[in-house]
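Participant: Okay, here's the structure, questions in a sec.
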Amino acid sequence: MSLRYFAVLSCCVLLAACSKVNQDNYSKLKSGMTKPEVEQLLGAPSECAGALGLTSCTWGDEKSFVSVQFAGDKVVMFSGKGLK
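Reminder that position 29 of the sequence shown reads as 29 in the numbering used here, one-by-one numbering, no gaps.
Here it is, written out as structure tokens:
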């Protein structure tokens, strides 16, 4: 049982270390990128909300995240917090 627990714990740590929400990927964001280009860089967003052609999507969690605002399908603004 302890070997299985150790294996699961190791996988979780490795997955957390492979997060695409980091300073390197944040620095690659540019105004005018399309939503599919941002998703290729950061993966699927944690959440998105929008109205009237404007959408705001967030990647990450409360401690470390990237927030991107889209007009239509293009990036107009972005910000990040807690990135390493």
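Every residue gets a Cβ at the ideal spot worked out from N, C-alpha and C, and that includes glycine.
(1) Using a Cβ-Cβ cut-off of 6 Å (strictly less than) and excluding sequence neighbours within five positions of Lys74, which residues of its own chain qualify?
(2) Please work out which residues of its chain come closer than 7 Å, Cβ to Cβ, to Val42, disregarding the five sequence neighbours upstream and downstream, and give them in chain order.
(3) Below 8 Å on the Cβ atoms is my contact criterion, and I expect Gln40 with Ser56 to pass it. Report the Cβ-Cβ distance as a whole number of Å.
(4) Hey, out of Gly82, Leu83, Gly80 and Gly72, whose CA is closest to Ala49's CA?
(5) Whole angstroms are fine: how far does the CA of Val38 sit from the CA of Lys62?
Facilitator: Here's the rundown:
(1) Sequence index remark: in the sequence shown, residue 74 carries index 74 (1-based). Same-chain partners within the cutoff: Gly32.
(2) Here the question's residue 42 lines up with position 42 in the sequence shown. Residue identity differs from the one stated: residue 42 is Leu in this sequence, not Val. Taken in chain order, the residues that qualify are Lys20, Val21, Asn25, Trp59 and Val66.
(3) Position 40 of the sequence shown, counting from 1, holds the residue named residue 40. Position 56 of the sequence shown, counting from 1, holds the residue named residue 56. That belief does not hold up - the Cβ atoms of Gln40 and Ser56 are roughly 19 Å apart, past 8 Å.
(4) Counted from its first residue, the sequence shown places residue 49 at position 49. Here the closest residue by C-alpha is Gly72.
(5) As a working note, residue 62 is residue 62 in the sequence shown. As a working note, residue 38 is residue 38 in the sequence shown. Before going further, note that residue 62 is Glu rather than Lys in the sequence given. Going by the C-alpha atoms only, they are around 20 Å apart.
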